[in-house]
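Under our numbering, the first residue of the sequence shown carries the number 186, and numbering increases by one thereafter. The beta carbon of each residue, even a glycine, is placed where N, CA and C say it ideally should be.
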Amino acid sequence: MPVSTRKLNLFLLFKLPAAYFCGVRTTSITADVCTVSVKHRWINQNPFKSMFWAVQGMAAELTTGALVMSKVKESGKNISILVASNNALFTKKATGRITFTCHQGEAIDSAINKAIKTGEGQTVTLNSKGINKEGVQVSDFNFEWTLKVKS
186 MPVSTRKLNL FLLFKLPAAY FCGVRTTSIT ADVCTVSVKH RWINQNPFKS
236 MFWAVQGMAA ELTTGALVMS KVKESGKNIS ILVASNNALF TKKATGRITF
286 TCHQGEAIDS AINKAIKTGE GQTVTLNSKG INKEGVQVSD FNFEWTLKVK
336 S
């Protein structure tokens, strides 16, 4: 059964309640693209009246992680996944609704196929950009995911 936005949002409620209660929601997921949005509110703001960086990080990581989880499920293999590192760049105050998108489903396919073929762990760096309602980028996140087929 494919991963859906409804299933991902229920996953947040039960497995990542901090993200859920801060307003992080998956808005769409396809084979190659995942989009998540979050609205700046009192519960997710910092003292400077913009969205706390960690809330942006949760939304950005979800775009990459949802694609990775979906692709691992599709593969039918028992593959362990882990974020090995991440970095972020913040370019504008995050207020209003921020939409994060990862467009790298093909890169994940390639890494999974290589992990299955070689039996060796693989890494894939996935990017998610946060865009405000005016179309201006407010943040840019990179997550390095490790993938290893379990025996």
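- With a contact defined as Cβ atoms closer than 8 Å, Glu246 and Phe328 qualify at about 6 Å.
- Contact between the stretch 209-225 and the stretch 268-276 is absent: fewer than three C-beta pairs spanning the two stretches fall below 8 Å.
- With contacts defined by Cβ atoms closer than 8 Å, Asn317 and Ile283 form a contacting pair.
- In this chain, the alpha helix (DSSP H) harbouring Asp294 covers 290-303.
- In the DSSP annotation of this structure, the continuous segment of the beta strand (DSSP E) that includes Ala273 starts and ends at 264-275.
- Here Phe206 is exposed, its C-beta having fewer than 16 other C-beta atoms within 10 Å.
- Rounded to the nearest angstrom, the gap between the Cα atoms of Lys277 and Trp330 is 26 Å.
- For Asn194, same chain residues with a beta-carbon under 6 Å away, outside a window of 5 residues either side, are Arg210, Thr211 in chain order.
- With a cutoff of 8 Å on beta-carbon distance, Val323 and Ala279 are scored as near each other.
- For Arg210, the enclosing beta strand (DSSP E) starts and ends at 210-214.
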